[in-house]
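Worksheet: one structure, shown below.
Protein chains: 2
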Amino acid sequence: MLKLSKKADYGLMALQHIASVQFGDVTRARMVNTKEIAEEYNIPVELLAKVLQALSKNGLIESHNGPKGGYLLAKSPQEVTIAQVLESLEGPLGIVDCSHEKEGDLCMQREHCTIRTPLLKVQNSIYQLLNNMTLQDMMGGTPLITIQSVSPEQQGVER
Amino acid sequence: MLKLSKKADYGLMALQHIASVQFGDVTRARMVNTKEIAEEYNIPVELLAKVLQALSKNGLIESHNGPKGGYLLAKSPQEVTIAQVLESLEGPLGIVDCSHEKEGDLCMQREHCTIRTPLLKVQNSIYQLLNNMTLQDMMGGTPLITIQSVSPEQQGVER
DNA sequence: TCACTATCCGACTTAATTGGTCGGAGATCA
DNA sequence: TGATCTCCGACCAATTAAGTCGGATAGTGA
């Protein structure tokens, strides 16, 4: 319930990866391509490509093709909010349908609908939550759970 | 995106209706059956029945069958949280899959997953939000959009 | 310059979840 | 005791998401 889609998951991972390559201290800034991310995170390549497509279309990342091509962050990490990412991949987000319904297909329950107002409140709260968290927060702010590429013998250490 | 299911919608409406019939000031307390709710809110009867079944199974309402039967709220409105309702109808709610994953099917992205921790924060915030709002809040606290059942003589008005 | 290669891009197919439907079992009231 | 009204559990269809495939485009090296 309320689970976000694989596309959203993949999108967030990819963006986070691109951001840390581009702005992180460890490696020097470079372009990163679909295949690299897919292999790093075990994501089906073509699906990830689709996700990156959408993000590019919505102006969150820039695409450069040809050999040595790849993707680049279009904005700085603190300018990209989680809400923007999710909306780019899944359309406008809303708990209730009637929040963004067009003329003609309003729900049959409308007339007696008593749950709309309180749910809209919840929806707004969630939106603010997602809109206040940026890529920046996902990168540096919180430590990784398990770090594999550092010391392999710590693999078993979880949570 | 993040939209809650029809079942959840229907469930909330039904509970709200039952609550206001049982505890509201307008009419005297009585049992309410599936058909009545379905007609009132234009919900497919059988689907609503399924929803009420689930709620009954999870101890949120009591079922009484036979003629003059119907449903009754099992707890007082301020004891029933939105989170409880949603979980009864849709299983445990979580933004990320890995929050309640069992042994064996952990996601392939786990090893490098950098987005888990921040997303869990978001998830907790949302949960608290839903867990702090009760049926009571949905009834009296917030005004209705359209108030049809206010004047008693309109009570019998059916369509 | 020209051909090759590696990339992005859009449409299609398949699997899963959700929404909706049907017939049966149990209980109550006349 | 019988008939009726209710809840209950299993079944089927439709929508949506997940994953796949081939084509188009741009850059590089000979």
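Taken in sequence, the protein lines are chains P and L.
My numbering applies: residue -17 is where the first sequence begins, and numbers increase by one.
My numbering applies: residue -17 is where the second sequence begins, and numbers increase by one.
For every residue, glycine included, the Cβ atom is placed at its ideal position computed from N, Cα and C.
Values in this document were obtained by computation on a predicted structure and should not be read as measured data.
- Isoleucine 43 of chain L is positioned such that its CB atom lies closer than 8 angstroms to that of alanine 56 of chain L.
- A distance below 8 angstroms between beta-carbons, with the five flanking residues on each side excluded, links valine 104 of chain P to the following residues of its chain, in chain order: Ile77.
- Annotated three-state conformation of serine 2 of chain L is helix, per DSSP.
- In this structure, DSSP gives leucine 54 of chain L an extended state, which the three-state scheme calls strand.
- Judged by DSSP secondary structure, serine 45 of chain L falls within the beta strand (DSSP E) whose first and last residues are 43 to 46.
- In the three-state scheme derived from DSSP, where H, G and I count as helix and E and B as strand, threonine 96 of chain L is classed as coil.
- The beta carbon of threonine 116 of chain P sits closer than 8 angstroms to the beta carbons of Pro59, Gln60, Glu61, Val62, Thr63 and Ile64 from its chain, once the five residues preceding and following it are set aside; these are given in chain order.
- From the beta-carbon of leucine -14 of chain L, the residues of chain P found nearer than 8 angstroms are Met(-17), Leu(-16), Ile77 and Val78.
- In the DSSP assignment, valine 14 of chain L falls outside any alpha helix (DSSP H), carrying neither H nor E.
- Against glycine 73 of chain P, the close residues of chain L are Met(-17), in the order they occur along the chain (beta-carbon pairs closer than 9 angstroms).
- Interface with chain P (8 angstroms Cβ-Cβ cutoff): leucine 54 of chain L is excluded.
- Around glutamate 22 of chain L, the beta-carbon contacts reaching into chain P at under 8 angstroms are His94.
- Taking all protein chains shown into account, lysine -15 of chain L has 16 or more neighbouring C-beta atoms within 10 Å of its C-beta and is therefore buried.
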